[in-house]
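Report on the structure given below.
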Amino acid sequence: MTAVHPAPVQVPVSAPAHIEDLLADLQLERAGLRGRSTVPAAERARQATDELADLGLSRFVAELLGESAPVPAPRAVLDLEADDEGRRASYETWCAEARELTGEVWRWLTERRRAAGASRDLDELPWWCGESAFPLPRDSVRRLAAATAPVPDLSETAEAWARSAGLRGRATAEYNWRWLLLGKGLRVKGPAGSSGGEPPPALPPLNELITRLVGEARRHGLLPPGHRVRVLRRPNTPSMVMPVRLPGSSLLSLPTAVTPVTVQYLQHELAHLAEHASRPAGAPPADRWTFDPLRSEGWALLLEQLAGSTAFLARLGIDEETAAVLARFLAEEEHFSRGLMAADLALDGDLAGCRTAAEALEAASAVAAGTGLRWAPELLLLRQTRVLHWRSYVAGYAWRDTVRTELVARFGDHWAEREEAWALLRDALGRTGPVAGSAAGFLTTLTASSAPAPLGRPESQEPYASRVHEHEEARSR
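Residues 8 to 484 (our numbering) are what the sequence shown spells out, left to right.
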């Protein structure tokens with residue numbers, strides 16, 4: 008493995024149609040769905056090896072095929088739907104598997120750090136840069152490397168959530184924190200007039216929530232009119248965006264249950280979807296599929312923050328009292344998540360001085376103690392395999408605040424209600440290339456002297472609930 012930037016790849020303006028179809032089918036098959044061709048995508052990828060290399064897509068395709076260096080990961084799924092005892096048993100299974108992976112995780116981290124430190128020239132990059140399928144913009148690498156945050160004591164927040172959820176025992180017990188983080192125990196009142204037992208949370212069903220959030224994105228021109236949003240629903244799985252045949256279709260994987268943070272998670276992932284969908288169809292394929300992690304996460308955090316406003320929640324059909332509870336919880340959730348990421352970054356720095364897996368676990372225990380949570384050190388060490396992701400978040404919060412400050416300066420505190428602001432964001436979002444498509448390029452576009460002309464008002468003014476046809480649902484087999 009090398010620690011230097013790959014040489015720039017010269018690519019043609021467009022790729023043959025069969026390459027676009029191949030990329031689409033690779034995405035679908037990775038999600039467990041059938042592709043558009045009867046010939047498996049892996050076989051077609053082998054036949055198109057030279058073309059993919061010429062287009063600068065070899066490493067990206069290898070990642071989709073699972074042929075890149077495997078990242079240690081547990082096979083067990085943490086059950087977030089179980090009762091207290093079931094959740095404890097699920098968590099203990101998860102921890103046991105993480106303990107078995109400790110040696111593998113340490114070897115993986117050691118090899119990545121060794122490879123990054125092998126080069127002593129000016130092109131040396133941090134060890135975690137090798138996690139990306141494409142070269143990262145230099146300015147973003149500097150911002151990501153400088154990302155840091157003090158590790159806060161999160162026990163007070165966890166204890167408050169536990170009291171609200173009625174949990175017994177230690178509120179900061181490590182087998183409860185994920186359940187609490189997802190807002191499973193958050194109590195919000197049901198619709199007025201409900202009776203009989205404890206009223207259900209006043210949250211819309213998942214289908215309705217998706218439709219309304221997609222409608223919000225379309226209202227601001229973030230999704231092309233013909234762009235289809237396919238939804239893959241699986242229990243207890245994280246959400247992720249999988250672009251398919253850009254710019255025509257995207258696939259969104261979601262858990263089956265609606266929790267308070269489902270609103271926030273959906274908005275975050277729809278932001279990623281919009282970034283994929285906004286890429287111009289005539290741009291080189293490598294540009295359309297390359298994403299600066301700092302810009303992508305910062306942009307998603309900007310839109311995610313809108314979901315924490317009571318006005319936004321009201322447009323989703325959530326009553327005023329519930330919206331106020333959710334807005335407060337989502338602010339607490341950001342504080343909690345940022346604290347966990349700060350712990351990841353602190354451990355990343357501490358691991359540089361470790362020589363064995365045992366020392367790494369001791370360092371993880373020390374960092375976990377600073378959070379006030381009884382967090383298993385092997386799980387904290389396992390999170391190091393995704394440290395580029397956590398750095399992208401920590402740096403993305405600062406980038407988001409910079410963008411928001413610029414928007415407020417130009418359009419006022421209620422910038423999200425101004426079509427001119429959305430036109431400017433769309434212009435910045437649709438730019439590609441190593442400079443224009445970077446986090447720095449996005450900021451440059453925002454600070455330009457004039458904003459692009461806003462789009463006209465969307466033709467359809469129907470209620471969101473009548474737009475359920477705008478997304479399809481697919482179930483895993």
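For every residue, glycine included, the Cβ atom is placed at its ideal position computed from N, Cα and C.
Excluding five sequence neighbours on each side, which residues of the same chain lie with their C-beta closer than 6 angstroms to the C-beta of residue i?
{"i": "residue 201", "result": "Low confidence applies here, because residue 201 scores a pLDDT of 39, under 50, leaving its location unreliable; read the following figure in that light. Counting only Cβ-Cβ distances below 6 angstroms, and skipping sequence neighbours, we find nothing."}
{"i": "residue 42", "result": "32, 35, 36, 48"}
{"i": "residue 18", "result": "In this prediction, residue 18 scores a pLDDT of 42, lower than 50, which makes its location untrustworthy; the coordinate-derived value is nonetheless stated afterwards. Same-chain partners within the cutoff: 62, 63, 291, 293."}
{"i": "residue 377", "result": "158"}
Less than 9 angstroms between the beta carbons of residue i and residue j, yes or no?
{"i": "residue 133", "j": "residue 190", "result": "no"}
{"i": "residue 527", "j": "residue 299", "result": "Limits of the chain in this structure are 8 at one end and 484 at the other, which puts residue 527 out of reach."}
{"i": "residue 354", "j": "residue 165", "result": "no"}
{"i": "residue 68", "j": "residue 364", "result": "no"}
{"i": "residue 406", "j": "residue 305", "result": "yes"}
{"i": "residue 275", "j": "residue 429", "result": "no"}
{"i": "residue 30", "j": "residue 71", "result": "yes"}
{"i": "residue 105", "j": "residue 455", "result": "no"}
{"i": "residue 399", "j": "residue 116", "result": "no"}
{"i": "residue 392", "j": "residue 156", "result": "no"}
{"i": "residue 167", "j": "residue 339", "result": "yes"}
Does the beta-carbon of residue i have 16 or more other beta-carbons within 10 angstroms, so that it is buried, or is it exposed?
{"i": "residue 311", "result": "buried"}
{"i": "residue 348", "result": "buried"}
{"i": "residue 54", "result": "exposed"}
{"i": "residue 288", "result": "exposed"}
{"i": "residue 421", "result": "exposed"}
{"i": "residue 346", "result": "buried"}
{"i": "residue 219", "result": "buried"}
{"i": "residue 77", "result": "exposed"}
{"i": "residue 46", "result": "exposed"}
{"i": "residue 73", "result": "exposed"}
{"i": "residue 22", "result": "buried"}
{"i": "residue 212", "result": "exposed"}
{"i": "residue 416", "result": "exposed"}
{"i": "residue 92", "result": "exposed"}
{"i": "residue 419", "result": "exposed"}
{"i": "residue 484", "result": "Because residue 484 sits at a pLDDT of 37, beneath the cut-off of 50, its placement in the model cannot be relied upon, and the point is left open."}
Mapping DSSP to helix, strand and coil, what is residue i?
{"i": "residue 265", "result": "coil"}
{"i": "residue 230", "result": "coil"}
{"i": "residue 11", "result": "With a pLDDT of 34 at residue 11, under the threshold of 50, the modelled position of that residue is not reliable, and the figure given next carries that caveat. It is coil, neither helix nor strand."}
{"i": "residue 250", "result": "strand"}
{"i": "residue 185", "result": "helix"}
{"i": "residue 147", "result": "helix"}
{"i": "residue 259", "result": "strand"}
{"i": "residue 240", "result": "strand"}
{"i": "residue 417", "result": "helix"}
{"i": "residue 119", "result": "helix"}
{"i": "residue 222", "result": "helix"}
{"i": "residue 235", "result": "strand"}
{"i": "residue 298", "result": "coil"}
{"i": "residue 361", "result": "coil"}
{"i": "residue 131", "result": "coil"}
{"i": "residue 74", "result": "coil"}
{"i": "residue 286", "result": "coil"}
{"i": "residue 28", "result": "helix"}
{"i": "residue 434", "result": "helix"}
{"i": "residue 90", "result": "coil"}
Going by C-alpha to C-alpha distance, which of the options sits closest to residue i?
{"i": "residue 233", "options": "240, 221, 305", "result": "221"}
{"i": "residue 375", "options": "425, 442, 160", "result": "160"}
{"i": "residue 252", "options": "339, 165, 276, 296", "result": "296"}
{"i": "residue 240", "options": "407, 102, 262", "result": "262"}
{"i": "residue 109", "options": "455, 367, 57, 438", "result": "367"}
{"i": "residue 438", "options": "333, 255, 451", "result": "451"}
{"i": "residue 402", "options": "303, 38, 101", "result": "303"}
{"i": "residue 246", "options": "122, 260, 254", "result": "260"}
{"i": "residue 424", "options": "223, 120, 59", "result": "223"}
{"i": "residue 313", "options": "448, 301, 94, 277", "result": "277"}
{"i": "residue 119", "options": "447, 358, 372", "result": "358"}
{"i": "residue 146", "options": "301, 90, 86, 185", "result": "301"}
Go through its chain and collect everything with a Cβ distance to residue i's Cβ below 8 angstroms, but skip five positions before and after it.
{"i": "residue 216", "result": "210, 265, 269, 270, 273, 323"}
{"i": "residue 66", "result": "75, 140, 141"}
{"i": "residue 327", "result": "317, 321"}
{"i": "residue 257", "result": "234, 235, 236, 237, 248, 249, 250, 251, 280, 283, 284"}
For residue i, which residues from the same chain have a beta carbon less than 7 angstroms from its beta carbon, with the 5 sequence-adjacent residues on both sides left out?
{"i": "residue 453", "result": "410, 413, 431, 435"}
{"i": "residue 394", "result": "135, 351, 355"}
{"i": "residue 404", "result": "308, 345"}
{"i": "residue 387", "result": "350, 354, 371, 374, 375"}
{"i": "residue 361", "result": "367, 370"}
{"i": "residue 154", "result": "352, 398, 401, 402"}
Taking CB distances under 9 angstroms as the criterion, tell me whether residue i reaches chain C.
{"i": "residue 258", "result": "No chain C is present in this structure, which holds just one protein chain."}
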